[in-house]
Each structure stands twice: as C-alpha cells, then as structure tokens.
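> Residue numbers (our numbering): 248 to 732. C-beta: ideal position from N, C-alpha, C; glycine also. Source: prediction; values computed, not measured.
(1) With C-beta atoms as the reference, is residue 389 less than 8 angstroms away from residue 397?
(2) Using DSSP with H/G/I as helix, E/B as strand and the rest coil, what is residue 499?
(3) Pairing CB atoms from the stretch 422-434 with CB atoms from the stretch 599-613, are three or more of them under 8 angstroms?
(4) Alpha carbon to alpha carbon, how far is residue 522 from residue 659?
(5) Hey, would you say residue 614 sits closer than 8 angstroms to residue 359, going by beta carbons?
(6) Considering only residues of the stretch 604-670, which uninterrupted alpha helix (DSSP H) runs meet the minimum length of 4 residues and lie entirely inside it, listed in chain order?
(7) Do residue 634 and residue 481 count as a contact pair if the criterion is CB distance below 8 angstroms?
(8) Our contact map puts residue 301 next to residue 516 with C-beta atoms below 8 angstroms; I'd like the distance itself, whole angstroms only.
(9) Determine the burial state of residue 348: buried for a count of at least 16 other Cβ atoms within 10 Å of its Cβ, exposed for fewer.
(10) Considering only residues of the same chain and omitting the five flanking positions on each side of residue 383, which have a CB-CB separation below 7 angstroms?
(11) Would you say residue 687 and residue 508 are within 8 angstroms of each other, going by their C-beta atoms?
(12) Could you round the C-beta distance between residue 448 and residue 532 to whole angstroms and report it? I think they count as a contact, below 8 angstroms.
(13) Please return the same chain residues whose Cβ sits closer than 8 angstroms to the Cβ of residue 611, not counting the five positions on each side in sequence.
(14) Would you please verify whether the beta carbon of residue 506 is less than 8 angstroms from any beta carbon of chain C?
(15) How far does the alpha helix (DSSP H) with residue 575 in it extend, from its first residue to its last?
(16) Going by the beta-carbon positions, is the gap between residue 298 and residue 485 smaller than 8 angstroms?
(17) Should residue 488 go down as buried or exposed, given a rule of 16 or more other Cβ atoms within 10 Å for buried?
(18) Taking contact to mean at least 3 C-beta pairs separated by less than 8 angstroms, is the stretch 692-701 in contact with the stretch 331-338?
(19) Is the stretch 538-552 touching the stretch 356-372, taking contact as three or more C-beta pairs under 8 angstroms?
(20) Could you check what DSSP says for residue 249 in three-state terms: helix, strand or coil?
(21) Tell me the DSSP secondary structure of residue 702 in three-state form.
(22) Please work out which residues of its chain come closer than 7 angstroms, Cβ to Cβ, to residue 257, disregarding the five sequence neighbours upstream and downstream, and give them in chain order.
(23) In chain order, what residues of the same chain have a beta carbon less than 8 angstroms from the beta carbon of residue 697, not counting five sequence neighbours either side?
(24) Verify whether the separation of the beta carbon atoms of residue 651 and residue 715 is less than 8 angstroms.
(25) Following the continuous alpha helix (DSSP H) through residue 369, name the residue where it begins and the one where it ends.
(26) Taking the alpha carbon of residue 725 as the reference point, which residue from 364, 357 and 363 has its own alpha carbon closest?
(27) Going by the CB atoms, is the gap between residue 527 and residue 315 shorter than 8 angstroms?
(28) Between 310, 705, 630 and 501, which lies nearest to residue 727 when the distance is taken from Cα to Cα?
(29) Are there 16 or more other CB atoms within 10 angstroms of the CB of residue 558, so buried, or fewer, so exposed?
(30) Over what stretch of residues does the alpha helix (DSSP H) that includes residue 349 continue unbroken?
(31) Terminal residues of the continuous alpha helix (DSSP H) containing residue 232?
(32) For residue 629, which residues of its own chain have a beta-carbon under 8 angstroms away from its beta-carbon, when the five flanking residues on both sides are left out?
(33) In the DSSP assignment, the alpha helix (DSSP H) including residue 493 goes from what residue to what residue?
(34) With 16 as the cutoff for other CB atoms within 10 Å, does residue 668 come out buried or exposed?
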C-alpha cells in the first residue's frame, strides 16, 4: 500500500463532496429544500441517492469480511438487504409519499393525532440513526489506520465534521446530489479491483483445495435454522424501519415516482452486493489468513496489494479507499439529514436555522460514542441496527399504513416493548456470550421481538377504549388513493 496515494484518494472524495455540496447549496433556499428537497427528486436520481446512503461501511468493508469469515452464511446479509426493498415497494413507498409528511414522526402524528406517539417515534428514530452512524465512523477510523497508520479518531472526526458541514449547508437537496455521485463512485471502486483480481486469480498458479477454502461447515449444511430465519426476518423488515431510507420517499414528486424509485434501487443495490460478495469469495482464495474476527473487515483494503504487488495494487487500493470514504460519508449524511429533520421539528422551530443546528448536534452525538467505544465487526454492528429497527418502527409503520384499528396507545406500547426486548436481548448476549440454550434467541432475537411488538400493538389497540382517531378513514383514503401517471 502507498499511504500517499490512499490519502490523495480520500482528499479527492472530500473535495468532490464539498464541490457538489456547494452546488446543492446554491439551489437550496426554502424549508422544503432542506427537509425533502421540495419533493422534486426524480426516480433515477433518488434511487442513486438511496443506494448511496444505504450501502454503508457494513456493506463496503463488512460484507466481504463476512463472506471471508462465514462462507455461505455471509450471503444472507445481501439477500436480506436487497429483498427488504421488495417489502418497502409493496407496502409503504407510495403511501408514505402520499401522506405529505416530512419525517417518520410527522407520519405517525398525522396518522394517530398523538403527540405522545410522535415523541416515542422520535426517540426511536434517533436511537436507530445514531446506532447506524457509529459503525460508519468506526469504519473511517479503521480505514485510515490500515492504509496510512493514522490514529482511529482521525477518520471518525473527519467524516463527522464533513457530514455536519454538508448537511447544515445544503440540507436534503444538496445531500441528494452528493449521495447519488457517491453510489457510482462506490460501485466503480469495488468493481474495477474485483475484475482485475478475478482475471489474475483465474489465469495464474493459484491452485487451491475447495474443501479448505469452502469447508462444509461454512455452507448451507452448517446453518442454524432459527438463527438464519431470524436474521433474514430482521433484514427484511428492518429496511422498512430505517429512518434515512423512509425519509427518502418523501422527496419523490408522487407515489408512482416513489414506487419507480424503489424498483431501480433494488437493481442498484443488488449489483453492488454481487460485487462486494465476489470480493469476499476471492479473498477466501487469495487471503484465507485474514479470516480472523476484527481483521476480516480489512480484506477489501489489503487484497489488491496481495494479488498485485507494486504500483497497480497501490492504485487499486487507493481507489478502494476513496470508495470506502464515499460509503462512510453517504450513509452518515443520509442519517444526519433524517435525524436533523426530526430534532428540528420536535425540539426547535422547524426552520432552516434550527435544521442546521440540529445537523451539527446529530453528528456530534455518534462521534462521541465512536470515540469512546472500540469497533466491533462492521457487518454485525449494522445487523444490530436492523434488529432494533424491525422491532420498533417497522410494525407501527406497516400497521399505520394498512390497519385502520391502530391507536396511539397501541403504537406506543408496541414500540416500547419491541425496542426494550430487542435491546435487552442484544445486551445480555454481548455480556454473557454464546453460552446456554438461550444463546441463539439472544444473538438473533428478531424472530420473537418482531411478533412481540406487533402483538402488543394490536392487543393494546383493540383494548384501547378511545379507539382509532376519528380522522383515520380520511387519512387512509389519502395515502391509498393512487395518482395519475
């Protein structure tokens, strides 16, 4: 690796981000520009931006590491990540756009006419968002540590400062252009090295024993049925509860446009997951010694120089480093935009000025957490976020769109019970490890926390003497009435 080339790659990404952000700032004028880009983002641009923010550190670095570590088990993550958008497409994309809301708490309050439900939703959004930003900052620190030997705090601080500045300056409209650019950069940054490495390994003396590279226990026969099903359920439904994903559909001009955007997103993220997973497979052939927890996340950064000692390997590594920083910036920016909108409206006045202040606060909190904690596996860290999102926001959003019997008390009870159950399960597992009969149910709790949250929501709603909001029928009629075109 060449630290100078790698840092130049990072610098170019930073400069491009700032220049595109400045362009977006020139056309960001109104409150609608900052919160939802005035609802004018067309499907291809919006799909590129969604894909840019969705493909995080856990995907860019962590997915290849998971495939290297776990073999076929690692493929459940890209399958679940991509398939989650099918549920978004079928159930929530268009109705959310037609609701006219700016944020998820806006939607919940409009649906249930309850400030209490809005506050609980806001807390859930903030917790999920901050949990998701921390792995991005850890990934940035890990990248600069590996390629340039810089302290881990340098990468975390760099990303946090850039994201806070970009979001505060131009809001959703500016970030849309930045994230769309960063998706294509990330795809290129992995696709080019994968093509070079695949050709090199197929044409050289790289004989390997398939039984050693792809052992039986790392294949389908080694899967635990419960853990696999629970993980897939969390990934499928967790996408529906990610605030930075859902808020994107508010930027579409119409519900039809939101659906078209989702279809394009499925294609874009699937293409990227195929490339990232291929990198993990190539690493199982060329760098099996990196299949160590805590080290596997670095395989994307180290593999090019393993296969191509010299300038070619250094250039490919610099390209990957640039793509990695684009991943950290894009996901963090999308999260900060969604969180800033919530804090601005729930805590401050909802003005452009309060949005900018909220953006700084929303970047500062996860930065402090990242500096005080040690990085875990990036893929598994993101998986935790999906479990929490699927157990808190997903049931309420889905029921809010499709079930007229939902009440404010039911929504609050469901979010609180699901969030507490998922959080306690994951904390207990982290404390006691994988010992005992309950270990798989604590390591992957989604299979029971999601039904628990849903059941509590439904039962409390049915027993609520106040019943649904009197405006429920009118609200549901609006979100389910399709537009022309």
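Checking against the coordinates, here is how it stands:
(1) Result no, Cβ atoms of residue 389 and residue 397 do not sit closer than 8 angstroms.
(2) The answer is coil: DSSP assigns residue 499 none of H, G, I, E or B.
(3) Because the criterion of three Cβ pairs below 8 angstroms is not met, the stretch 422-434 and the stretch 599-613 do not touch.
(4) Separation of residue 522 and residue 659 (C-alpha to C-alpha, rounded to the nearest whole angstrom) is 40 angstroms.
(5) Not closer than 8 angstroms, so no.
(6) The stretch 604-670 contains these whole alpha helix (DSSP H) runs: 625-649.
(7) The answer is yes: Cβ separation under 8 angstroms.
(8) About 6 angstroms; that satisfies the 8 angstroms criterion.
(9) Buried, because 16 or more other Cβ atoms sit within 10 Å of the Cβ of residue 348.
(10) So the list reads 303, 304, 406, 575, 578 and 579, once near-sequence residues are dropped.
(11) Contact: no.
(12) About 6 angstroms separates the CB atoms of residue 448 and residue 532; that is less than 8 angstroms, so the two are in contact.
(13) In chain order, 407 and 411 place their CB closer than 8 angstroms to the CB of residue 611, counting only its own chain and leaving out the 5 sequence neighbours on each side.
(14) Included in the structure is just one protein chain, with no chain C present.
(15) Counting along the chain, the alpha helix (DSSP H) containing residue 575 begins and ends at 558-593.
(16) 8 angstroms or more divides the Cβ of residue 298 from the Cβ of residue 485.
(17) With 16 or more Cβ atoms within 10 Å of its Cβ, residue 488 is classed as buried.
(18) Pairwise C-beta distances place the stretch 692-701 out of contact with the stretch 331-338, as fewer than three of them are shorter than 8 angstroms.
(19) Judged by Cβ distances under 8 angstroms, the stretch 538-552 makes no contact with the stretch 356-372, as fewer than three pairs qualify.
(20) The answer is coil: DSSP assigns residue 249 none of H, G, I, E or B.
(21) Here residue 702 sits in helix by DSSP.
(22) Around residue 257: 568, 569 and 572.
(23) If we look at residue 697 and ignore the five residues flanking it on each side, its Cβ neighbours are 480, 481, 484, 637, 638, 641, 642 and 665.
(24) Yes. Within cutoff.
(25) Segment 362-395, the alpha helix (DSSP H) holding residue 369.
(26) Among 364, 357 and 363, the Cα nearest to that of residue 725 is on 357.
(27) Closer than 8 angstroms, so yes.
(28) For the set 310, 705, 630 and 501, the Cα lying nearest the Cα of residue 727 is the one of 501.
(29) With fewer than 16 other Cβ atoms within 10 Å, it is exposed.
(30) That residue, residue 349, is in no alpha helix (DSSP H); it is neither H nor E in DSSP.
(31) Any answer about residue 232 is impossible in this case: the structure gives the chain only from 248 up to 732.
(32) When the five nearest sequence neighbours on each side are left out, the beta carbons in the same chain lying within less than 8 angstroms of the beta carbon of residue 629 are those of 303, 304, 305, 306, 309, 379 and 382, in order along the chain.
(33) Residues 490-493.
(34) Buried is the call here.
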